[in-house]
């Protein structure tokens, strides 16, 4: 903070478009702030808003007292070896993202359960044929991760009549959702999921968790939806389970390599639906308001919510 | 009712499959009932379960004291000139159908709002491209008809963050839904709907209501979803509005002629999504339980719910 009470916030964002939008929204939410772009000669700022910044960001900004990740996941930031130890990291909490993610999952679950693909195929043949009713209560959808993203997904699916079960590290109670945790075992949770939504952060505990063994725990014909991080799933194991017909299909928004390389098999697999990491787009206006609120709280000596626990990695 | 207290129920259903399922479910729900099929020599029954029965049904069943329509809409039954005046008509109330219909509408609205079709097209080209975020709160979805079907549709859409307005004949209050009625005028209601869901019964007041003039009240680029009855919409006017680009597209589950003839232009219109009247399939088990409950109420001299007011036609 400089002499006249001004606060400065550095932007370390991947795209120039996003930086421009963040600059304008932050300025609106916090008119007294000085917003500085990432540059070799940038003045030392008090705070930073980050999304996969250019290498060397932290050496160019040595006086930060806290940083804000411009998204819900912070795996990329905690994996950055140049992140100073002890520097408080905050993540966006919801900020309009949970709503989008729930909408994405609801769409994919409804599409699968109500056999929309079949009706689309019939339309191409001008074929009028009704398929028998299947009750959503008879379809169990599992949500892996019951945090800020997983919980609204579970609630939205339950409100549409699906039988929903959720898995969290530690015991949870959520109305209308059968809750599982480590004491029950992931395998038992998975064995009842006709559809499975991955909505947990990427941490050492979730990385590669969905390998051939875990995918085999799902019942035959299950459908996987991944809106979390590509690294939760072993892609070769997923492709093998799809090829073998053990999984009926998958809706994937996240991948181990993004953008997904054009020649990647997943793009053209007939049972895979692909979106380019858009299930939850950061709503910059709302996120900037969150950053502004937290900056004011920090300056007033309060502890804002959204502080990342580096030990558990989210 | 015959001497030993037995009750008999005649089935007048269109398909043999449905008749067989109704027979088995009714027998289970009401073990003391005698279920009779529609036939020239069928014994005279006390009640009937009907779905577009064969011509002459009512002359073959002259002693009915009430009939149950095996679905939510009763337009086909009230249009039957052989239906005896004064014979009480009951309709299935919900019976699992509203849940399905809400799911259908939610799917189509999410698909349109979140530009699922674009991402599908991009997948075919292995193209990784994100489209900007559009807030669901910035999208107004109108629901025409706020009855047993319309209300759950409006609620489900509101819970996903959409701005929802509803239109009913008479004034309604629904939390989270901006309610319009005849005093506001249909045109004013329509002028703000980026998507419009038709969920009203077919009555003399709703037949042909969505003609060229009313469709023109929708803003340019609107999307129509019809889960009510085909007769609410003038199909030539709809096709003209689609061809002119005034409407961006339509999701249609119901048609003026069903099955939709294979050579009908709607099947192959690039902006039209077609399903074969499956947005709400009658859940026979649940509907049979409703009929059983009502038969027992009628025999006990009570008035069950679901009685159709022939004057208003639903």
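Chains as they are written, first to last, in the numbering used here: chain A, 237 to 550; chain B, 237 to 550. We treat Cβ as the ideally placed atom computed from N, Cα and C, and that holds for glycine. This one's a predicted model, so the numbers in the text were calculated from it and none came from an experiment.
Cutoff 8 Å: residue i Cβ touching any chain A Cβ
{"i": "residue 365 (chain B)", "result": "yes"}
{"i": "residue 335 (chain B)", "result": "yes"}
{"i": "residue 359 (chain B)", "result": "yes"}
{"i": "residue 339 (chain B)", "result": "yes"}
{"i": "residue 517 (chain B)", "result": "yes"}
{"i": "residue 511 (chain B)", "result": "yes"}
{"i": "residue 482 (chain B)", "result": "no"}
{"i": "residue 276 (chain B)", "result": "no"}
{"i": "residue 355 (chain B)", "result": "yes"}
{"i": "residue 477 (chain B)", "result": "no"}
{"i": "residue 239 (chain B)", "result": "Because residue 239 (chain B) carries a pLDDT of 47, less than 50, the predicted location of this residue cannot be relied on, and the following value inherits that uncertainty. Output row for residue 239 (chain B): interface = no."}
{"i": "residue 369 (chain B)", "result": "yes"}
{"i": "residue 400 (chain B)", "result": "no"}
Collapsed DSSP secondary structure at residue i in the structure displayed
{"i": "residue 547 (chain A)", "result": "coil"}
{"i": "residue 432 (chain B)", "result": "strand"}
{"i": "residue 294 (chain A)", "result": "helix"}
{"i": "residue 266 (chain A)", "result": "coil"}
{"i": "residue 256 (chain B)", "result": "helix"}
{"i": "residue 239 (chain A)", "result": "For residue 239 (chain A), the predicted structure reports a pLDDT of 47, less than 50, and the residue's modelled location is therefore unreliable. A value from the coordinates is still provided. Reduced to three states, the DSSP call for residue 239 (chain A) is coil."}
{"i": "residue 541 (chain B)", "result": "coil"}
{"i": "residue 516 (chain A)", "result": "coil"}
{"i": "residue 496 (chain A)", "result": "coil"}
{"i": "residue 508 (chain A)", "result": "strand"}
{"i": "residue 347 (chain A)", "result": "helix"}
{"i": "residue 244 (chain B)", "result": "strand"}
{"i": "residue 486 (chain A)", "result": "strand"}
{"i": "residue 327 (chain A)", "result": "strand"}
Cβ-heavy atom distance, residue i to the ligand FAD, below 7 Å
{"i": "residue 276 (chain B)", "result": "Summarising the ligand content, the structure contains no ligands, and the ligand FAD is consequently not present."}
Nearest-angstrom Cα separation, counted from residue j out to residue i
{"i": "residue 221 (chain B)", "j": "residue 374 (chain A)", "result": "With chain B running from 237 to 550 in the structure shown, residue 221 (chain B) is simply not present."}
{"i": "residue 573 (chain B)", "j": "residue 446 (chain B)", "result": "Missing from the structure shown is residue 573 (chain B); chain B here goes from 237 to 550 and no further."}
{"i": "residue 312 (chain A)", "j": "residue 275 (chain A)", "result": "21 Å"}
{"i": "residue 267 (chain B)", "j": "residue 326 (chain B)", "result": "21 Å"}
{"i": "residue 425 (chain B)", "j": "residue 295 (chain B)", "result": "45 Å"}
{"i": "residue 492 (chain B)", "j": "residue 474 (chain B)", "result": "12 Å"}
{"i": "residue 246 (chain A)", "j": "residue 507 (chain B)", "result": "46 Å"}
{"i": "residue 412 (chain B)", "j": "residue 392 (chain B)", "result": "10 Å"}
{"i": "residue 346 (chain B)", "j": "residue 352 (chain B)", "result": "8 Å"}
{"i": "residue 365 (chain A)", "j": "residue 511 (chain B)", "result": "9 Å"}
{"i": "residue 387 (chain B)", "j": "residue 250 (chain A)", "result": "44 Å"}
{"i": "residue 520 (chain B)", "j": "residue 258 (chain B)", "result": "6 Å"}
{"i": "residue 528 (chain A)", "j": "residue 484 (chain B)", "result": "39 Å"}
{"i": "residue 543 (chain B)", "j": "residue 323 (chain B)", "result": "11 Å"}
{"i": "residue 421 (chain B)", "j": "residue 550 (chain A)", "result": "52 Å"}
{"i": "residue 285 (chain A)", "j": "residue 248 (chain A)", "result": "6 Å"}
{"i": "residue 316 (chain A)", "j": "residue 547 (chain A)", "result": "15 Å"}
{"i": "residue 384 (chain B)", "j": "residue 545 (chain B)", "result": "15 Å"}
{"i": "residue 279 (chain B)", "j": "residue 300 (chain B)", "result": "11 Å"}
{"i": "residue 339 (chain A)", "j": "residue 389 (chain A)", "result": "8 Å"}
{"i": "residue 344 (chain A)", "j": "residue 369 (chain B)", "result": "18 Å"}
C-beta neighbour in chain B for residue i, strict 8 Å
{"i": "residue 468 (chain A)", "result": "no"}
{"i": "residue 343 (chain A)", "result": "yes"}
{"i": "residue 395 (chain A)", "result": "yes"}
{"i": "residue 255 (chain A)", "result": "no"}
{"i": "residue 403 (chain A)", "result": "no"}
{"i": "residue 258 (chain A)", "result": "no"}
{"i": "residue 346 (chain A)", "result": "yes"}
{"i": "residue 303 (chain A)", "result": "no"}
{"i": "residue 496 (chain A)", "result": "yes"}
{"i": "residue 503 (chain A)", "result": "yes"}
{"i": "residue 352 (chain A)", "result": "yes"}
{"i": "residue 291 (chain A)", "result": "no"}
{"i": "residue 362 (chain A)", "result": "yes"}
{"i": "residue 514 (chain A)", "result": "yes"}
My parser needs the beta strand (DSSP E) runs of 3 or more residues fully inside the region 354–418 of chain B; what are they? DSSP runs (the beta strand (DSSP E)) wholly in the region 354–418 of chain B: 376–380, 399–403, 413–416.
Taking only runs that begin and end inside the region 272–325 of chain A, name each unbroken beta strand (DSSP E) of 3 or more residues, in chain order. Listed in chain order, the complete beta strand (DSSP E) runs (minimum 3 residues) inside the region 272–325 of chain A are 283–287, 302–305.
Enumerate, from N- to C-terminal direction, the unbroken alpha helix (DSSP H) stretches of 4 or more residues contained entirely within the region 427–483 of chain B. Correct list: 448–453, 471–479.
Inspect the CB distances between the region 473–482 of chain B and the region 491–498 of chain B and report whether three or more fall short of 8 Å. Contact fails: fewer than three Cβ-Cβ distances are below 8 Å.
Segment contact flag, the region 413–432 of chain B with the region 386–405 of chain B, C-beta cutoff 8 Å, min 3 pairs: Flag = yes, the region 413–432 of chain B and the region 386–405 of chain B touch.
Evaluate the contact criterion for the region 483–491 of chain A versus the region 500–511 of chain A: three or more CB pairs, one atom per stretch, below 8 Å. Flag = yes, the region 483–491 of chain A and the region 500–511 of chain A touch.
Using 8 Å as the Cβ pair cut-off and three pairs as the minimum, do the region 351–366 of chain B and the region 300–312 of chain B touch? Verdict: no, contact absent.
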